[in-house]
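If you count the sequence shown from 1, position 33 lands on 553 in this note's numbering, and the numbers rise without skipping. C-beta atoms are modelled at their ideal positions from N, C-alpha and C, and glycine is treated no differently. Predicted, not measured: the structure shown is a model, and the values here were computed from it. One structure is given below, encoded as structure tokens.
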Amino acid sequence: MVTTDLQEIETRVVQLIAAEGPLIGKELAEAMPDVPVLALWQACYRSRTFHVSHFASYYLRYDITREDQVRLSPSIQRDFLSFSLFGLPGQRDRMIERQGTLSNMHREISREKISVAQQVMKHLFVSLGRELRSQLCAFIAGDLAYFLAHNEPREHEASGEMVKGSDIDIVIILSESLPDEVKTRIDNEMMALKSMYLRHPQYRHEIDFICKRKSVMEKQFQYTDIHDKIASKIAYESMFLGGSLTLYMEVRDAMTRTGVDRLIEQDFDHALKDRKNAMHQLLNVPGDTIDDETRSLFHFSQERVEFS
Numbered sequence: 521m522v523t524t525d526l527q528e529i530e531t532r533v534v535q536l537i538a539a540e541g542p543l544i545g546k547e548l549a550e551a552m553p554d555v556p557v558l559a560l561w562q563a564c565y566r567s568r569t570f571h572v573s574h575f576a577s578y579y580l581r582y583d584i585t586r587e588d589q590v591r592l593s594p595s596i597q598r599d600f601l602s603f604s605l606f607g608l609p610g611q612r613d614r615m616i617e618r619q620g621t622l623s624n625m626h627r628e629i630s631r632e633k634i635s636v637a638q639q640v641m642k643h644l645f646v647s648l649g650r651e652l653r654s655q656l657c658a659f660i661a662g663d664l665a666y667f668l669a670h671n672e673p674r675e676h677e678a679s680g681e682m683v684k685g686s687d688i689d690i691v692i693i694l695s696e697s698l699p700d701e702v703k704t705r706i707d708n709e710m711m712a713l714k715s716m717y718l719r720h721p722q723y724r725h726e727i728d729f730i731c732k733r734k735s736v737m738e739k740q741f742q743y744t745d746i747h748d749k750i751a752s753k754i755a756y757e758s759m760f761l762g763g764s765l766t767l768y769m770e771v772r773d774a775m776t777r778t779g780v781d782r783l784i785e786q787d788f789d790h791a792l793k794d795r796k797n798a799m800h801q802l803l804n805v806p807g808d809t810i811d812d813e814t815r816s817l818f819h820f821s822q823e824r825v826e827f828s
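Okay, structure coming up:
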């Protein structure tokens, strides 16, 4: 039977944390399977009993099913389940210790996935040779760039294969002097590596990549349509992976020169205000009357479109 009485839920959460110590939202949800996650979130955040510690970093996402609305990632739901730790008065030291352990876990998972990305690029660079390598650069973005990666098993939508958590997003930028045949070769080799890392039982990682000219990247800094915005945001939050550092810094300098970095920061401020309003709205809506539109504020319908 589904439980939605917030006072009853709060009482059960207090008892659980008193017995088990500080817990993240996911652990509370697993211990209370009869309680909808939204009702659990409401009970935890309406209460004045709990000490709450957040350890996520926030970045932009574009929800293409909500008219390309800018939103913060992690979503409210994922932030609650994975990055919010709840404790009781008197559990301060245990909360500090647990938060450190959890933060380090996400950092280590991110480092492991970054290492996979480095292996992928090493394969590519070795096959291309030093001369070609000096005319391209690669960077990563998304969860990995913020050290928020996870390893929760999930199904790869296109193939049905089970993969390990967060995907690995790689962007490869080419100088204008590289011939088209080289770009085709890189695309083909990356597709082969993508397939191997997806299906090999030792890895089971989803790797997404895009390979494009520097001129294409800089044109996307015009920040006009959703594809330009996603591409610009990915470059903004990026972490250098390999190749020519000079070429990578030219891309970063172009962001400053075009002013797209300021536009992204303005969108972040807008998304932050929307997040605060969404949380206030969700906290005050009765659980038995919530409509789908309001419920969609809790989680993303789709966080992004593919690289472009």
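According to DSSP, simplified to helix, strand and coil, what is residue i?
i	result
residue 667	coil
residue 756	helix
residue 616	helix
residue 698	coil
residue 741	coil
residue 788	helix
residue 543	strand
residue 818	coil
residue 555	coil
residue 521	coil
residue 773	helix
Would you say residue i lies against chain B (beta-carbon separation less than 9 Å)?
i	result
residue 538	Note that chain B does not occur in the displayed structure, where there is just one protein chain.
Just to confirm before moving on: does the CB-CB distance between residue i and residue j stay below 9 Å?
i	j	result
residue 693	residue 660	no
residue 655	residue 767	yes
residue 709	residue 643	yes
residue 814	residue 803	no
residue 727	residue 687	yes
residue 755	residue 690	no
residue 546	residue 601	yes
residue 576	residue 603	yes
Please list, in chain order, all residues of the same chain as residue i whose beta carbon is under 7 Å from its beta carbon, the five residues on each side excluded.
i	result
residue 573	605, 615 and 619
residue 696	733, 734 and 735
residue 748	740 and 742
residue 551	536
residue 597	557, 818 and 819
With which residues is residue i paired in a DSSP beta bridge?
i	result
residue 658	692 and 762
residue 682	675
residue 593	579
residue 607	571
residue 727	688
residue 732	693
Looking only at its own chain, which residues have a Cβ that is under 6 Å from the Cβ of residue i, when we skip the five neighbours before and after it?
i	result
residue 530	563 and 567
residue 798	817
residue 541	614
residue 640	713
* Touching by the beta-carbon criterion (3+ pairs, under 8 Å), the stretch 789 to 806 and the stretch 588 to 600 -> As far as the Cβ criterion goes, the stretch 789 to 806 touches the stretch 588 to 600, which means the pair count is three or higher.
* **Cβ pair count under 8 Å reaching 3, the stretch 749 to 762 against the stretch 779 to 791** => yes
* Asked: Within the chosen definition, does the stretch 771 to 783 reach the stretch 666 to 674 through at least 3 CB pairs nearer than 8 Å?
  -> no
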